[in-house]
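Undergrad:
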Ligand SMILES: *[C@@H]1O[C@H](CO)[C@@H](O)[C@H](O)[C@H]1NC(C)=O
Ligand SMILES: *[C@@H]1O[C@H](CO)[C@@H](O)[C@H](O)[C@H]1NC(C)=O
Ligand SMILES: *[C@@H]1O[C@H](CO)[C@@H](O)[C@H](O)[C@H]1NC(C)=O
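Numbering (the working numbering), first residue to last: 58 to 546.
1. Restricting to Cα atoms, I'd like to know which of 138, 409, 227 and 259 is closest to residue 484.
2. Classify residue 421 as helix, strand or coil using the three-state DSSP reduction.
3. Terminal residues of the continuous alpha helix (DSSP H) containing residue 135?
4. Closer than 7 Å: is that where the CB of residue 142 sits relative to any heavy atom of ligand 3?
5. Compute the beta-carbon to beta-carbon distance between residue 498 and residue 433, rounded to the nearest angstrom, for a pair I have assumed lies under 8 Å.
6. Beta strand (DSSP E) containing residue 221: first to last residue?
7. Would you list the residues sitting across from residue 207 in a DSSP beta bridge?
8. Are the segment 404-418 and the segment 379-395 in contact at 8 Å, needing three or more beta carbon pairs?
9. To the nearest angstrom, report how far apart residue 245 and residue 350 are at their CA atoms.
10. Name the one or two DSSP bridge partners that residue 351 has.
11. Do you know offhand how far residue 359's Cα is from residue 153's?
12. Suppose contacts are defined by Cβ-Cβ distances below 8 Å. Is residue 320 in contact with residue 206 by that definition?
13. Should residue 257 be counted as a contact of ligand 2 given a C-beta to heavy atom distance under 7 Å?
14. Provide the residue span of the alpha helix (DSSP H) that contains residue 371, from first to last.
15. Applying the 10 Å Cβ sphere with the 16-neighbour rule, what's the burial state of residue 87?
16. Candidates 131, 217 and 135: which alpha carbon is nearest residue 334's?
17. Specify the secondary structure class of residue 183 as computed by DSSP and reduced to three states.
18. Excluding sequence positions up to five away, which residues of its chain have a Cβ less than 8 Å from the Cβ of residue 513?
19. Going by DSSP, name the residue or residues bridged to residue 399.
20. Rounded C-beta distance between residue 111 and residue 332? I'm assuming under 8 Å.
21. Count the other CB atoms within 10 Å of the CB of residue 250; is the residue buried (16 or more) or exposed (fewer)?
22. So which residues touch the region around ligand 2, with touch meaning a C-beta under 5 Å from any heavy atom?
23. CB residue 133 to CB residue 211, shorter than 8 Å?
24. Rank 169, 171 and 262 by C-alpha distance to the C-alpha of residue 221 and give the top, closest one.
25. Buried or exposed: where does residue 390 fall if 16 or more other Cβ atoms within 10 Å of its Cβ makes it buried?
26. Between residue 361 and residue 147, what straight-line distance do the alpha-carbon atoms span, to the nearest angstrom?
27. Counting C-beta neighbours from all protein chains within 10 Å, is the total for residue 393 16 or more, i.e. buried, or is it exposed?
28. Can you grab the Cα-Cα spacing for the pair residue 487 / residue 400, in whole Å?
29. Comparing the CB of residue 348 with every heavy atom of ligand 3, is any distance shorter than 7 Å?
30. Can you tell me the Cβ-Cβ gap for residue 121 and residue 231, rounded? I've got them flagged as a contact below 8 Å.
31. Cβ of residue 176 within 7 Å of any heavy atom in ligand 3?
32. Can you tell me whether residue 476 is buried or exposed? The criterion is at least 16 other CB atoms within 10 Å of its CB, across all chains shown.
33. With which residues is residue 332 paired in a DSSP beta bridge?
34. Quick check on DSSP: helix, strand or coil for residue 127?
35. For residue 339, which of helix, strand or coil comes out of DSSP?
36. What number of angstroms, rounded off, separates the C-alpha of residue 474 from the C-alpha of residue 260?
Below is the structure:
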């Protein structure tokens, strides 16, 4: 169906309505638990360039700088295998563990929804019992490099994800035998767990690095961890990431943050990347079934003990001092980076985006004719400056964010013709008003009468000034989104 551009122009809504939808953090970074009958691809060389992907994983092996205060060091997965003693199901059924399954080539035989458990105590308050000291990891304090700094030489586990259009995402996963929680006053140290998986994600386009995602989680609801390659510290053209010592926010058990170097041990993963290809290609998106010594990547259970639920405050906050051990690294990687990087512009915003081919059938069936785009704007509330009240958009939603103070959120909307899998380009009015900033965008698929049948979640936007380092906020962007849009319509 063809629409005249004049009709489209009339349909374009320049300023928006209320959108009280908070941005959902990492909702789709949860491990993908496959349902019975889902097919895993059996490894054969698909359309992806597997050797190219493996080379990139090796080429960009990150350098982790550990904190001087760290006591719980990384290890290989093999280090931990001999310590697992029994399994526990989610329901609490305890089973003896067949020790010969504890190897890289056998682990996948252990059923999903299993907690691999250690017998030894694992609730340091604040110290570990002697029997559990192996949880500190294999780090050897006497193995200093020439410069006197500690040196770690453990493996990292890499997944290369071919996202199409020359994009290869590299996910580097690190393993720690133990995560030391966070002291919370009289409650003690909360959030301890056996085994810890953390990641650093990098994006390359045509073999060149463009960005990396650090899992900081320190800057409030709207912080995002995507940084341009030129803003990242590098050694030897490889990314550097800082690992904060064991005590992090209980809600988000990530360790990688970008804090200042404190002369702690260095973990250079060059030649220590254990690489894997994630799926057989960007179109089919069938995950690979790993074989032989890589087959442990197919294990879908948890890497340590179940958490406690017997503390009196469990009903209120949902966890005790020891929390559930995490899943392994083979999670869902078919997602765009934490945020889409876009330069600021003067005047109006431009959005350039594309749907995946998987939306086409659904869109045809449902007579989709239009795409609604919503640019999410935000600015701090209570800036003690009433001068610009006239600029206030109508219908502003006031949002109380714990860490950023009160902010306002509103939308600028537009409509454009649905063009299937061709690229769409839409012009939108800027986020108006002092200190206003573009924070995200989302799309909806709509009928010719403007009624929308399905909306995406928001993609966050990280803005910068062309030619300058660092991030900068502003009211209009020139956004070229290279990640196809897809969601469950
Ligand atoms: C596969 O990737 C390698 C390394 O990046 C590259 O040299 C080669 O040309 C690629 N092959 C194909 C068929 O794309
Ligand atoms: C333990 O696992 C191995 C490897 O799968 C298997 O051959 C053996 O029969 C198992 N032993 C028991 C007692 O189940
Ligand atoms: C678990 O511990 C018991 C008692 O020490 C031991 O007999 C058993 O072999 C252990 N099982 C495994 C799988 O290590």
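Where a beta carbon is used, it is the ideal one built from N, C-alpha and C, also for glycine.
TA: Looking at the atomic coordinates:
1. Here residue 484 refers to the residue found at position 427 of the chain shown. Residue 409 is the option with its Cα nearest to residue 484.
2. Position 364 of the chain shown, counted from the start, is the residue given in the question as residue 421. Helix at residue 421.
3. Indexing the chain shown from 1 puts residue 135 at position 78. Counting along the chain, the alpha helix (DSSP H) containing residue 135 begins and ends at 134-137.
4. For this step, residue 142 is matched to residue 85 along the chain shown. Relative to ligand 3, residue 142 has its C-beta within less than 7 Å of a heavy atom.
5. On the chain shown, residue 498 is found 441 positions in, with the first residue counted as 1. On the chain shown, residue 433 is found 376 positions in, with the first residue counted as 1. Contact flag correct, Cβ pair sits at about 6 Å.
6. Numbered from its first residue, the chain shown carries residue 221 at position 164. From DSSP, the beta strand (DSSP E) with residue 221 extends over 213-221.
7. Here the question's residue 207 lines up with position 150 in the chain shown. Looking at the DSSP assignment, residue 207 forms a beta bridge with 201.
8. Counting Cβ pairs under 8 Å, fewer than three are found: no touch.
9. Walking along the chain shown from the start, residue 245 turns up at place 188. Walking along the chain shown from the start, residue 350 turns up at place 293. In a straight line, the C-alpha of residue 245 is about 40 Å away from that of residue 350.
10. If you number the chain shown from 1, residue 351 lands on position 294. DSSP links residue 351 through a beta bridge to no other residue.
11. Reading the chain shown from its first residue, position 302 is the one you call residue 359. Reading the chain shown from its first residue, position 96 is the one you call residue 153. If you take the alpha carbons of residue 359 and residue 153, they lie about 16 Å apart.
12. Position 263 of the chain shown holds residue 320. Position 149 of the chain shown holds residue 206. Contact flag set, yes.
13. Counted from its first residue, the chain shown places residue 257 at position 200. Not so, every heavy atom of ligand 2 lies at least 7 Å from the Cβ.
14. Within the chain shown, residue 371 is the residue found at index 314, counting from 1. Per DSSP, residue 371 belongs to the alpha helix (DSSP H) from 371-374.
15. Indexing the chain shown from 1 puts residue 87 at position 30. Legend: pLDDT at residue 87 = 41, less than 50; position of this residue unreliable, value from coordinates given subsequently. Result: exposed.
16. The sequence position of residue 334 within the chain shown is 277, counting from 1. Measuring from the Cα of residue 334, the nearest candidate turns out to be 217.
17. Taking the chain shown and counting its residues from 1, the one referred to as residue 183 is at position 126. In the three-state DSSP reduction, residue 183 falls in the coil class, being neither helix nor strand.
18. On the chain shown, position 456 is the one that residue 513 refers to. By the criterion of a C-beta distance shorter than 8 Å, residue 513 is surrounded in its chain by 499, 500, 501, 542 and 544, once the five residues flanking it on both sides are discounted.
19. Within the chain shown, residue 399 is the residue found at index 342, counting from 1. DSSP output for residue 399 lists 520 as bridge partner(s).
20. The residue given as residue 111 occupies position 54 in the chain shown. The residue given as residue 332 occupies position 275 in the chain shown. The pair is a contact, with the Cβ atoms about 5 Å apart (cut-off 8 Å).
21. As a first step, residue 250 must be located in the chain shown, where it is residue number 193. Buried, by the Cβ-count rule.
22. Checking every Cβ against the heavy atoms of ligand 2 under 5 Å gives 155 and 157.
23. If you number the chain shown from 1, residue 133 lands on position 76. If you number the chain shown from 1, residue 211 lands on position 154. Taking 8 Å as the cut-off, the Cβ atoms of residue 133 and residue 211 count as close.
24. Here residue 221 is taken as the residue at index 164 of the chain shown, counted from 1. Out of 169, 171 and 262, 262 has the C-alpha closest to the C-alpha of residue 221.
25. Position 333 of the chain shown, counted from the start, is the residue given in the question as residue 390. Classification of residue 390: buried, given that the 10 Å Cβ count is 16 or more.
26. The residue labelled residue 361 in the question sits at position 304 within the chain shown. The residue labelled residue 147 in the question sits at position 90 within the chain shown. Cα to Cα, the separation comes out at about 12 Å.
27. Translated into positions along the chain shown, residue 393 becomes position 336. Buried: at least 16 other Cβ atoms inside 10 Å.
28. If you number the chain shown from 1, residue 487 lands on position 430. If you number the chain shown from 1, residue 400 lands on position 343. Spanning the two alpha carbons is a distance of roughly 13 Å.
29. Mapped onto the chain shown, residue 348 falls at position 291. Outside the cutoff, so no.
30. Taking the first residue of the chain shown as 1, we reach residue 121 at position 64. Taking the first residue of the chain shown as 1, we reach residue 231 at position 174. Yes, residue 121 and residue 231 are in contact; Cβ-Cβ is about 7 Å, under 8 Å.
31. Residue numbering aside, residue 176 sits at position 119 when the chain shown is read from its first letter. Yes.
32. Here the question's residue 476 lines up with position 419 in the chain shown. Residue 476 counts as exposed, since fewer than 16 other C-beta atoms from the protein chains shown sit within 10 angstroms of its C-beta.
33. Indexing the chain shown from 1 puts residue 332 at position 275. Answer by DSSP bridge pairing, in chain order: 215.
34. By one-based count along the chain shown, residue 127 stands at place 70. In the structure shown, residue 127 sits in coil (DSSP, three-state: anything other than H, G, I, E or B).
35. As a first step, residue 339 is located in the chain shown; it is residue number 282 there, counting from the start. Residue 339: coil per DSSP, three-state reduction.
36. What you label residue 474 is simply residue 417 of the chain shown in a count that begins at 1. What you label residue 260 is simply residue 203 of the chain shown in a count that begins at 1. Residue 474 and residue 260: Cα-Cα distance of roughly 30 Å.
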